[in-house]
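Encoded as structure tokens, the structure appears first; notes follow it.
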Amino acid sequence: MIGWIKHLLPKGKPIYTMGLGRDPQNIVDIIKCGIDMFDCVAPTRLARNGALYHGELRGGNFESEFVNGRLNISNAQFVSDKNIILEGCDCFTCQSGQMREKMRNKKEG
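In structure tokens, the structure reads:
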């Protein structure tokens, strides 16, 4: 869709979209299309319901062991999971040692 209309937009102006960004790969894809700004409720909604984006950007693609890059911390398998959310990640949450179990319990609490 963006490819169809991009040539109609003024050159040199930022491009803003609403409602795009439902998963990390979608965000990567819209940036590749030249989108400068976007707004999407999905990350906040997913977090409220116990999902965390989990994966890495490699060669322009978001790779994750989880479907759509979503680790669903509400799943029972994380009740006593002492693993860091994403080993080797340099974000504040992972660097502060947040464990999957602890994040799950925060969501449940």
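At position 81 of the sequence shown (counting the first as 1) the number is 104 in this note's numbering, and the numbers step up by one without a gap. Note that CB positions come from ideal geometry on N, CA and C, so glycine has one too.
Problem set entry | Y39, buried or exposed, once every other Cβ within 10 Å from all chains shown has been counted against 16 | By the 10 Å Cβ count, Y39 comes out exposed.
Exercise. For L94, which residues of its own chain have a beta-carbon under 6 angstroms away from its beta-carbon, when the five flanking residues on both sides are left out?
Worked result: Closer than 6 angstroms at the Cβ level, and outside the excluded window around L94, lie L75, H77.
Exercise. Fully enclosed by the segment 63-113, which alpha helix (DSSP H) runs are 4 residues long or longer?
Worked result: For the segment 63-113, whole alpha helix (DSSP H) runs of length 4 or above, ordered along the chain, are 65-71.
Exercise. Going straight from the alpha carbon of F89 to that of G57, what length do you get?
Worked result: The alpha-carbon atoms of F89 and G57 are separated by roughly 27 angstroms.
For this session: May I have the straight-line CA-CA distance separating C63 from F101, to the nearest angstrom?
Result: It is roughly 27 angstroms from the alpha-carbon of C63 to the alpha-carbon of F101.
Exercise. Is it true that the CB of N84 sits closer than 8 angstroms to the CB of V51?
Worked result: A contact, by the Cβ cut-off of 8 angstroms.
For this session: Taking all protein chains shown into account, decide if I54 is buried (16 or more other Cβ within 10 angstroms of its Cβ) or exposed.
Result: Classification for I54: exposed.
For this session: Ignoring anything shorter than 4 residues or poking outside the segment 27-67, list the alpha helix (DSSP H) runs there in chain order.
Result: Whole alpha helix (DSSP H) segments, 4+ residues: 47-55.
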